[in-house]
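In our numbering, the protein residues as written are 211 to 299.
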């Protein structure tokens with residue numbers, strides 16, 4: 211099935227933060243450093259994990275795969291519900 215690809219129920223969030231180095235030219239000029247995070251709910255509580263820059267694209271693909279999978283499952287569930295309710299007793 212097309213929707214059975216690696217997926218994660220999370221969001222990729224890109225924040226910008228100043229660094230801790232004194233005299234950082236980027237921060238001095240108002241350009242903060244990106245800080246990518248992977249945000250997910252674990253046991254009902256939000257969890258944020260640092261996401262290495264090289265993994266941003268893969269994480270975004272997997273979060274999109276989750277959304278696609280969820281849509282397909284919702285459609286299938288609706289069809290199976292209709293099929294069940296249309297049966298004669």
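No residue lacks a Cβ here, since even glycine has one placed at the ideal position from N, Cα and C.
Worksheet item: If you count every other CB in all the chains shown that lies within 10 Å of the CB of residue 294, and 16 or more means buried, which is it?
Response: exposed
Worksheet entry | 7 Å CB neighbourhood of residue 273 in its chain, flanking five on each side removed | 218, 220, 221 and 222
Worksheet item: If you draw a straight line from the C-alpha of residue 269 to the C-alpha of residue 248, how long is it?
Response: 8 Å
Worksheet entry | Nearest candidate by alpha-carbon position, reference residue 264, set 246, 254 and 253 | 246
Item to complete: Compute the beta-carbon to beta-carbon distance between residue 242 and residue 262, rounded to the nearest angstrom, for a pair I have assumed lies under 8 Å.
Response: With 8 Å as the limit, residue 242 and residue 262 do not qualify as a contact, their Cβ atoms being about 18 Å apart.
Practice prompt. For residue 244, name the three-state secondary structure that DSSP assigns.
Written response: strand
Item to complete: Mind checking which residues open and close the alpha helix (DSSP H) that includes residue 263?
Response: No alpha helix (DSSP H) holds residue 263; DSSP gives it neither H nor E.
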